[in-house]
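K.L.:
Please see the structure below; I have some questions.
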Amino acid sequence: MDVRISGVTKLYEPDIRALEDVYLTVPKGEFLYLVGQTGSGKTTLLRLITREVMPTKGQIAVGEYNLRKMSAFDLALYRRDLGVIFQDFKLLPHLTAMENVAFVLDVIGVPPAEVKERTGEVLERVGMWRRRFLRPPQLSGGEQQRIAIARAVVNAPSLLVADEPTGNLDTHTAEEIMQLLLSINASGTTVLMATHNQFLVDAYRQRVLELHMGRVVRDEKRGRYELDGDF
Amino acid sequence: MGTFRYVLRDTNRLLFRHWGLSLLTLFTAVAVFFLVGSSALFMLNTRYLVARVESELLVQAYVKNEAQLQTVADKAHKIPGVASVRWVTTAEAMERLKTRLKGHAQALTILGENPLPPSLEIGLARAVLAPSVARELLAMPEVDDVIYAGGLADKLARVSRFATRFSMFVLVIAVTASALVLFNTIRISIYSRRDEIGVMLLVGATPTFVALPFVLQGMLLGMGGALGASLLIGGGYEALVRGVEATLPFVQLFRDPSMLLRLGLILLGGGITVGWISSWMAVERFIRRALRPM
Chain F
2 MDVRISGVTK LYEPDIRALE DVYLTVPKGE FLYLVGQTGS GKTTLLRLIT
52 REVMPTKGQI AVGEYNLRKM SAFDLALYRR DLGVIFQDFK LLPHLTAMEN
102 VAFVLDVIGV PPAEVKERTG EVLERVGMWR RRFLRPPQLS GGEQQRIAIA
152 RAVVNAPSLL VADEPTGNLD THTAEEIMQL LLSINASGTT VLMATHNQFL
202 VDAYRQRVLE LHMGRVVRDE KRGRYELDGD F
Chain U
794 MGTFRYVLRD TNRLLFRHWG LSLLTLFTAV AVFFLVGSSA LFMLNTRYLV
844 ARVESELLVQ AYVKNEAQLQ TVADKAHKIP GVASVRWVTT AEAMERLKTR
894 LKGHAQALTI LGENPLPPSL EIGLARAVLA PSVARELLAM PEVDDVIYAG
944 GLADKLARVS RFATRFSMFV LVIAVTASAL VLFNTIRISI YSRRDEIGVM
994 LLVGATPTFV ALPFVLQGML LGMGGALGAS LLIGGGYEAL VRGVEATLPF
1044 VQLFRDPSML LRLGLILLGG GITVGWISSW MAVERFIRRA LRPM
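Chains as they are written, first to last, in this note's numbering: chain F, 2 to 232; chain U, 794 to 1087.
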């Protein structure tokens, strides 16, 4: 799915401006890094795309969906085609790693045999098959992150939104997760990734969009991390 | 099929994860529906008693002469609320008096000619109609006098009205109470799983899919409460009827197994409906709020 954002402004309070007049087009199959200081508007931009937040002004369209106008049912259909990796993982602590992944397929009514097969495949892919019966509190941060990624991609989404997927991970694990996201992107999924990880952005060069105080200050093809907003 | 299994599994989880709360709700629902059923039975018994007395309540119209009985009977049939009209000739009146006096019937010979007037015994559809029927009869030129148990009729009508109103009042209070209890139970269940619901909605579950286990939980609790109450009422009422028959043979309680079965089915339907509506209201409100973007 492609993403088209035009003239989007988001105010949380009359005097709290999270985004201002943002224009962005992400073609289908592209990998985009969102960079910027804390509070620059990266998470708000991603939450606008998941439709957890509504713009104060402007339009957002993803694929065939106009996010301004959609019924609850259309929203459900849209989100089935969207994979989200949350900054805080949002794993359900009472379910095992495998159940957390299978849950996504369960709630959209996938037959049990298919749930088992697809869950197994994706857990192998993220290297968590052997740890599948453990619950989130029994897993390390990196392992929880892998489960969150497995859950985000198990439904083969057209668009993957990742908010700091390598935050708090060691370099080695972060690299493994990056490889995983790139392989998902290579299969045709559009990926939007908000990150502070300079090493990854510089090592795996992709399009970079920099936000500073809610405004787009840089949009570079195969860019580097280095923040303009620092100057 | 996957959806169906998921909903059943989840409903089971909801009911047993907070089993103490489920049990408390179930007991409350039993108590509430027991109250509803008992007040319905009270109303049925009052109506039964009123109907029995009403069926025996007669308006006696004394006619000036026997030749006019047919005319008055024809006119009486046309009065609204008249269920039956029976002639009592002077001879029949005398026979009845003799039967009532038994051993003293000889005394009647001193009366010479039969002084008892001919009359019509008029049965009523409802006791409350007695005064108006009596007024219409009195207005007929052929009728000499009208006698009926006016006070009794009025009292019966008042008791019947009170029983109906009281039962309706209990019904409204009980249904509201059970709806509130179920509503709060479902709300607590939803609150304990708010993170899960949030994730469900974010990964593409439809509102209906999210709501189904909670609605089913509410319906099952409502149904369980009504079923428990029906069994208690069924068993308890049978024991009450037997006890009253043994100790107070002149008091006749309403006894109709098919009516008790119908009452049980109505309670069951009511329990399911109240559970469905209250849980749907609780879960729908939560989902609507969760789906609303900031």
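Each residue gets a CB set at the ideal place from its N, CA and C atoms; glycine is no exception.
(1) Check U:Phe-820 in the structure and name its three-state DSSP category.
(2) Are the region 145-164 of chain F and the region 181-199 of chain F touching by the rule of at least three beta carbon pairs closer than 8 Å?
(3) How far does the alpha helix (DSSP H) with F:Arg-81 in it extend, from its first residue to its last?
(4) According to the neighbour-count rule (16 or more other Cβ atoms, all chains shown, within 10 Å of its Cβ), is F:Arg-52 buried or exposed?
(5) Are the C-beta atoms of F:Leu-14 and some chain U residue less than 8 Å apart?
(6) For the alpha helix (DSSP H) that contains F:Ile-150, what are its first and last residues?
(7) Output, in sequence order along the chain, the residues in the region 986-1000 of chain U whose CB is closer than 8 Å to any CB in chain F.
(8) Determine whether the Cβ of F:Ala-77 lies closer than 8 Å to any Cβ atom of chain U.
(9) Throw me the rounded Cβ distance for the U:Val-1037 and U:Leu-1025 pair, which I believe falls under 8 Å.
(10) Would you kindly work out how many angstroms separate the C-alpha atoms of U:Arg-954 and U:Gly-1064, rounded to a whole number?
(11) Grouping DSSP H, G and I as helix and E and B as strand, with all else coil, what is U:Ala-920?
(12) For U:Gly-997, which three-state DSSP category applies?
(13) Starting from U:Ala-884, follow the alpha helix (DSSP H) in both directions and report where the run begins and ends.
(14) Going by C-alpha distance, which of F:Val-116, F:Val-154 and F:Pro-166 is nearest F:Leu-35?
(15) I need the DSSP call for U:Asp-803, collapsed to helix, strand or coil.
(16) By alpha-carbon positions, which one of F:Lys-70, F:Ile-50, F:Leu-25 and F:Val-127 ends up nearest to F:Val-218?
(17) Kindly give me the distance between the Cβ atoms of U:Val-875 and U:Ala-866, rounded to whole angstroms, as I take these residues to be in contact under 8 Å.
(18) Give me whichever residues DSSP pairs with F:Thr-10 in a beta bridge.
(19) What residues of chain F sit near U:Met-1016, judged by a beta carbon separation below 7 Å?
(20) Which residue's Cα is closest to the Cα of F:Val-23: F:Phe-32, F:Glu-176, F:Leu-12 and F:Asp-16?
(21) Quick check: what's the CA-CA separation for F:Thr-57 versus F:Leu-33?
(22) Hey, F:Leu-47 and F:Ala-195 are a contact pair by Cβ (cut 8 Å); roughly how many whole angstroms apart?
(23) Please go through the same chain and pick out, in chain order, the residues whose beta-carbon is closer than 7 Å to the beta-carbon of U:Tyr-799, but skip the five residues on each side of it.
(24) By alpha-carbon positions, which one of U:Ser-877, U:Ser-815 and U:Ala-972 ends up nearest to U:Trp-1073?
(25) Find out if the Cβ-Cβ distance for the pair U:Ala-942, U:Leu-850 is shorter than 8 Å.
(26) From U:Ile-1080 to F:Ala-73, what distance separates their C-alpha atoms?
(27) Quick check: is the beta carbon of F:Arg-119 nearer than 8 Å to any beta carbon in chain U?
(28) What first and last residue would you give for the alpha helix (DSSP H) that runs through F:Ala-180?
(29) Please report the distance separating the alpha-carbon of U:Gln-853 from that of U:Ile-1059.
(30) Check the Cβ of U:Met-1074 against every Cβ in chain F and list those closer than 8 Å, keeping chain order.
(31) Which residue wins for smallest C-alpha separation from U:Phe-797, given the options U:Arg-980, U:Val-1003 and U:Ser-985?
(32) In chain U, what lies closer than 7 Å to F:Ile-109 by C-beta?
(33) Which residues in chain U sit within 8 Å of F:Leu-93, going by Cβ to Cβ distance?
(34) Taking its Cβ as the centre, do 16 or more other Cβ atoms sit within 10 Å of U:Tyr-984, making it buried, or is it exposed?
(35) Which bits of chain C does U:Pro-1086 rub up against, with CB to CB less than 8 Å?
(36) Using 10 angstroms around the beta-carbon of U:Ile-915, count the other beta-carbons present and answer buried if the total reaches 16, otherwise exposed.
P.N.:
Reading off the structure:
(1) Along the second sequence, read from residue 1 onward, the residue named residue 820 of chain U stands at position 27. U:Phe-820: helix per DSSP, three-state reduction.
(2) yes
(3) Locating residue 81 of chain F in the first sequence gives position 80, where the first residue counts as 1. 73-81 is the extent of the alpha helix (DSSP H) around F:Arg-81.
(4) Numbered from its first residue, the first sequence carries residue 52 of chain F at position 51. By the 10 Å Cβ count, F:Arg-52 comes out buried.
(5) What you label residue 14 of chain F is simply residue 13 of the first sequence in a count that begins at 1. Note on residue identity: the sequence assigns Glu, not Leu, to residue 14 of chain F. Not closer than 8 Å to any Cβ of chain U, the Cβ of F:Glu-14 fails to qualify, so no.
(6) The sequence position of residue 150 of chain F within the first sequence is 149, counting from 1. Taken as a continuous stretch (DSSP letters only), the alpha helix (DSSP H) holding F:Ile-150 covers 142-154.
(7) Asp-988, Glu-989, Gly-991, Val-992, Met-993, Leu-994, Leu-995, Val-996, Gly-997, Ala-998, Thr-999 and Pro-1000
(8) Indexing the first sequence from 1 puts residue 77 of chain F at position 76. So, interface residue.
(9) Within the second sequence, the letter at position 244 stands for residue 1037 of chain U. Within the second sequence, the letter at position 232 stands for residue 1025 of chain U. Contact doesn't hold; Cβ gap of about 18 Å is too wide.
(10) To locate residue 954 of chain U, count along the second sequence from 1; it is residue 161. To locate residue 1064 of chain U, count along the second sequence from 1; it is residue 271. Roughly 26 Å between the two C-alpha positions.
(11) Position 127 of the second sequence, counting from 1, holds the residue named residue 920 of chain U. Reduced to three states, the DSSP call for U:Ala-920 is helix.
(12) Here residue 997 of chain U corresponds to residue number 204 of the second sequence, with the count starting at 1. In the structure shown, the three-state DSSP call for U:Gly-997 is coil.
(13) In the second sequence, counting from the first residue as 1, residue 884 of chain U sits at position 91. U:Ala-884 -> alpha helix (DSSP H) spans 883-894.
(14) If you number the first sequence from 1, residue 35 of chain F lands on position 34. The shortest C-alpha separation from F:Leu-35 is found at F:Pro-166.
(15) Taking the first residue of the second sequence as position 1, residue 803 of chain U is located at position 10. In this structure, U:Asp-803 counts as helix in the three-state DSSP scheme.
(16) Position 217 of the first sequence holds residue 218 of chain F. Minimum Cα distance to F:Val-218 is reached at F:Leu-25.
(17) Against the second sequence, residue 875 of chain U aligns to sequence position 82. Against the second sequence, residue 866 of chain U aligns to sequence position 73. With 8 Å as the limit, U:Val-875 and U:Ala-866 do not qualify as a contact, their Cβ atoms being about 10 Å apart.
(18) Counting from 1 along the first sequence, the entry for residue 10 of chain F is found at position 9. According to DSSP, which records beta bridges pairwise, F:Thr-10 is partnered with F:Lys-58.
(19) The count along the second sequence starts at 1 and reaches residue 1016 of chain U at position 223. Result: empty, since nearest Cβ-Cβ is about 26 Å, beyond 7 Å.
(20) As a position in the first sequence, residue 23 of chain F is number 22, starting the count at 1. Considering only alpha carbons, the answer is F:Leu-12.
(21) Here the question's residue 57 of chain F lines up with position 56 in the first sequence. Here the question's residue 33 of chain F lines up with position 32 in the first sequence. Approximately 24 Å between the Cα atoms of the pair.
(22) Here residue 47 of chain F corresponds to residue number 46 of the first sequence, with the count starting at 1. Here residue 195 of chain F corresponds to residue number 194 of the first sequence, with the count starting at 1. Contact between F:Leu-47 and F:Ala-195 holds: CB atoms are separated by about 6 Å, below the 8 Å threshold.
(23) As a working mapping, residue 799 of chain U is identified with position 6 in the second sequence. Annotation for U:Tyr-799: no residue places its beta carbon closer than 7 Å to its own, counting only its chain and skipping 5 residues before and after.
(24) Residue 1073 of chain U sits at position 280 when you count from the first residue of the second sequence. Ranking the options by Cα distance to U:Trp-1073, first place goes to U:Ala-972.
(25) Here residue 942 of chain U corresponds to residue number 149 of the second sequence, with the count starting at 1. Here residue 850 of chain U corresponds to residue number 57 of the second sequence, with the count starting at 1. Going by C-beta atoms, U:Ala-942 is nearer than 8 Å to U:Leu-850.
(26) Your numbering for residue 1080 of chain U matches position 287 in the second sequence. Your numbering for residue 73 of chain F matches position 72 in the first sequence. U:Ile-1080 and F:Ala-73: Cα-Cα distance of roughly 10 Å.
(27) The residue given as residue 119 of chain F occupies position 118 in the first sequence. With 8 Å as the cut-off, F:Arg-119 does not count as an interface residue toward chain U.
(28) Within the first sequence, residue 180 of chain F is the residue found at index 179, counting from 1. As written in the sequence, residue 180 of chain F is Gln, which differs from the Ala given in the question. 172-187 is the extent of the alpha helix (DSSP H) around F:Gln-180.
(29) In the second sequence, the residue the question calls residue 853 of chain U occupies position 60. In the second sequence, the residue the question calls residue 1059 of chain U occupies position 266. Whole-angstrom Cα-Cα distance: 42 Å.
(30) If you number the second sequence from 1, residue 1074 of chain U lands on position 281. What U:Met-1074 touches in chain F: nothing, since even the nearest Cβ is about 17 Å away.
(31) Taking the second sequence and counting its residues from 1, the one referred to as residue 797 of chain U is at position 4. Looking at the Cα atoms, U:Val-1003 is the closest of the given residues.
(32) As a working mapping, residue 109 of chain F is identified with position 108 in the first sequence. The contacting residues are Gly-997 and Ala-998.
(33) If you number the first sequence from 1, residue 93 of chain F lands on position 92. Going along chain U in sequence order, the residues near F:Leu-93 (Cβ under 8 Å) are Asp-988, Glu-989 and Val-992.
(34) Locating residue 984 of chain U in the second sequence gives position 191, counting from the first residue. With fewer than 16 other Cβ atoms within 10 Å, it is exposed.
(35) This model lacks chain C altogether; the protein chains it does include are F and U.
(36) Locating residue 915 of chain U in the second sequence gives position 122, where the first residue counts as 1. It counts as buried.
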